[in-house]
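Each residue of the sequence shown is one higher than the last, beginning at 39 in the numbering used here.
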Amino acid sequence: MTRSPARKFAELLGSKGGNFAIMTSLALPVLFIAGSLALDTTNALSMKTRMQNAADSAALATSTRLSQEENLSMEEARAFAATFLRGQMEEDMPAFADMNVKPSITITPVENDGTTVWTVAVSMTGTQAVSPMARIMGRDHYSVGVVSQSQSASTKAAQVQGALSMALVLDRSGSMDWSLEGQRKIDVLKTAVGGLIDQFETADPKQKFVRIGAASYNTYMTGFQNLHWKPEKTRDFVDALPASGGTDSTEAFSWAVTKVNAKRELKAHKDKSGEVPDRFIVFMTDGDNNYTAADSSTKILCDKAKGEGIEVFTVAFAAPTRGKQLLAYCATSADHFYDANSSAALIAAFESIGKQASKVTSRLTQ
Numbered sequence: 039m040t041r042s043p044a045r046k047f048a049e050l051l052g053s054k055g056g057n058f059a060i061m062t063s064l065a066l067p068v069l070f071i072a073g074s075l076a077l078d079t080t081n082a083l084s085m086k087t088r089m090q091n092a093a094d095s096a097a098l099a100t101s102t103r104l105s106q107e108e109n110l111s112m113e114e115a116r117a118f119a120a121t122f123l124r125g126q127m128e129e130d131m132p133a134f135a136d137m138n139v140k141p142s143i144t145i146t147p148v149e150n151d152g153t154t155v156w157t158v159a160v161s162m163t164g165t166q167a168v169s170p171m172a173r174i175m176g177r178d179h180y181s182v183g184v185v186s187q188s189q190s191a192s193t194k195a196a197q198v199q200g201a202l203s204m205a206l207v208l209d210r211s212g213s214m215d216w217s218l219e220g221q222r223k224i225d226v227l228k229t230a231v232g233g234l235i236d237q238f239e240t241a242d243p244k245q246k247f248v249r250i251g252a253a254s255y256n257t258y259m260t261g262f263q264n265l266h267w268k269p270e271k272t273r274d275f276v277d278a279l280p281a282s283g284g285t286d287s288t289e290a291f292s293w294a295v296t297k298v299n300a301k302r303e304l305k306a307h308k309d310k311s312g313e314v315p316d317r318f319i320v321f322m323t324d325g326d327n328n329y330t331a332a333d334s335s336t337k338i339l340c341d342k343a344k345g346e347g348i349e350v351f352t353v354a355f356a357a358p359t360r361g362k363q364l365l366a367y368c369a370t371s372a373d374h375f376y377d378a379n380s381s382a383a384l385i386a387a388f389e390s391i392g393k394q395a396s397k398v399t400s401r402l403t404q
């Protein structure tokens, strides 16, 4: 008759030969060491994660500061990075036994067509005492290392850092012919767009990074100026706009989404600067769409644009409630929506959009 496993185990416990006691005495140290090694491995992974986060933060913060402060020396930047890193790690030190961190900070500037590209590399090696039981294996400490690298760019001439494609979607309906503060609204719009284009012409004098175009709309006609390396083409298009008809933004917004997303747009930037462009739509109106169906269709297109990573700025120019609601819905965030109730506010809105679109962007490269 075959004995059950439970019965066999009971007999082993009752054995007088001492086999079980011997096996247990031999196995327990191994089990303790294995447990200690598992604990040390977990601590090492946790320490590496915290060190990586600290290194990434320090590299990004330092490269961004270098790009924004023209007179910051590399010695000051290295000191800033070390202080920033130390502040990040001080909170983590108590979580580990005898933790010691040795950072290395390297800053490399490269000049290219009047642009300074700053590369900040932060590497760290951290050591930590092993658990007492694990010392039986002959190790007192273990080490982990991390590396982070960030780049940002700056220029004395405030050139655009990073490529961008921008499509303007502009209301040219009959209400834009109305007077506001003694000026036709369409003329104020032309001034505002002109200011935006001035910013890009100053920022990108070699016409290497910025492509901009525009669509104008009313109920019966949508006009287009395709995205181009020459901002003056868009300026001329906008300066020639009349104001007439009702309001329907659907076709113009659809054109904008298609254009900034087009493969040929990406290829144009790749061929000229080698960069992947940031994509923007600036959507402006001074009224309501004539039909609520046009609001619905435009919202669908706005969802599509935002879902595909296009940054959408919207500007209401002395617009009624429904028009503002549409623009607030379409904006990427509340900060991307401008409620301009005066001529000066419209001009300031387009100026703000230009500054945001051409801002310096830092990014991790390793």
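Just so you know, even glycine gets a beta-carbon here, dropped at the ideal spot from N, CA and C. Values in this document were obtained by computation on a predicted structure and should not be read as measured data.
Coarse secondary structure for residue i, derived from DSSP in three states
i, result
"D316", "strand"
"Q394", "helix"
"T102", "helix"
"Y376", "strand"
"A159", "strand"
"L279", "coil"
"E346", "coil"
"L218", "strand"
"T370", "coil"
"P243", "coil"
"A230", "helix"
"L110", "coil"
"G183", "strand"
"T285", "coil"
"Q197", "Residue confidence is low: Q197 scores 41 on pLDDT, short of 50, so the model does not pin down where it sits. Its coordinate-derived value is still stated next. Q197: coil per DSSP, three-state reduction."
"S190", "strand"
"A167", "strand"
"A387", "helix"
"A306", "helix"
Neighbourhood of residue i by C-beta, 6 Å cutoff - its chain only, sequence neighbours within 5 removed
i, result
"T407", "The structure shown does not extend to residue 407, since the chain is modelled only from 39 to 404, so the question has no answer here."
"L234", "F388 and G392"
"A366", "F375"
"T165", "N138, H179 and S181"
"A96", "A119, F122, L123 and V160"
Beta-carbon proximity list for residue i, same chain, < 7 Å, skipping 5 on both sides
i, result
"K268", "Q245"
"T144", "A159"
"A120", "P141 and I143"
"P358", "G325 and D326"
"Q221", "S381"
"E346", "N299"
Residues sharing a beta bridge with residue i, DSSP
i, result
"Y255", "D209 and T260"
"A331", "None; A331 has no bridge partner."
"F355", "A378"
"I143", "V160"
"F321", "V207 and T352"
"R124", "DSSP output for R124 lists no bridge partner at all."
"I250", "M204 and H266"
"E149", "T154"
Span separating the alpha-carbon of residue i from that of residue j
i, j, result
"A354", "G361", "7 Å"
"F118", "L304", "37 Å"
"H153", "R210", "Just to set this straight, residue 153 is Thr in the shown sequence, not His. Taking the straight line from one Cα to the other gives about 38 Å."
"L123", "S188", "14 Å"
"A25", "A382", "Absent from the structure is residue 25, since the part of the chain shown begins at 39 and ends at 404."
"F238", "S142", "38 Å"
"L66", "L83", "Residue placement at L66 is poorly supported in this model, since its pLDDT is 48, which falls under 50; the coordinates still yield a value, given next. C-alpha separation (whole angstroms): 26 Å."
"N138", "N109", "33 Å"
"Y17", "L98", "Here the chain covers residues 39 to 404 and nothing more, so residue 17 does not appear."
"T163", "E114", "23 Å"
"D242", "H307", "14 Å"
"M89", "T157", "19 Å"
"K297", "N264", "8 Å"
"I391", "E149", "28 Å"
"H266", "V182", "50 Å"
"A372", "D341", "15 Å"
"K18", "W216", "Coverage of the chain is limited to positions 39 through 404, which leaves residue 18 absent and any answer about it impossible."
"S101", "R116", "10 Å"
"R302", "D309", "10 Å"
"T257", "D333", "13 Å"
"K344", "I338", "10 Å"
Cβ-heavy atom distance, residue i to the ligand HEM, below 6 Å
i, result
"V295", "Within the structure as shown, the ligand HEM is missing, as the structure has no ligands at all."
Contact set for residue i: own chain, Cβ-Cβ below 8 Å, skip 5 residues either direction
i, result
"S380", "L218, E219 and A356"
"A92", "L123, Q126, M127, D130 and M162"
"A202", "In the sequence as presented, Ala is not what sits at residue 202; that position holds Leu. So the list reads F247, V248, R249, P315, D316, R317, F318, A395 and S396, once near-sequence residues are dropped."
"T260", "A253, S254, E289, A290 and W293"
"N328", "T257, G284, T285 and D286"
- Is the stretch 200-218 touching the stretch 273-285, taking contact as three or more C-beta pairs under 8 Å? Result yes; three or more Cβ-Cβ pairs closer than 8 Å.
Discussion item. Three or more C-beta pairs under 8 Å: does that hold for the stretch 302-316 against the stretch 271-278?
Written reply: no
- Message: Across the stretch 220-234 and the stretch 372-390, are there enough close Cβ pairs to call them in contact, namely three or more that are closer than 8 Å?
- Response: yes
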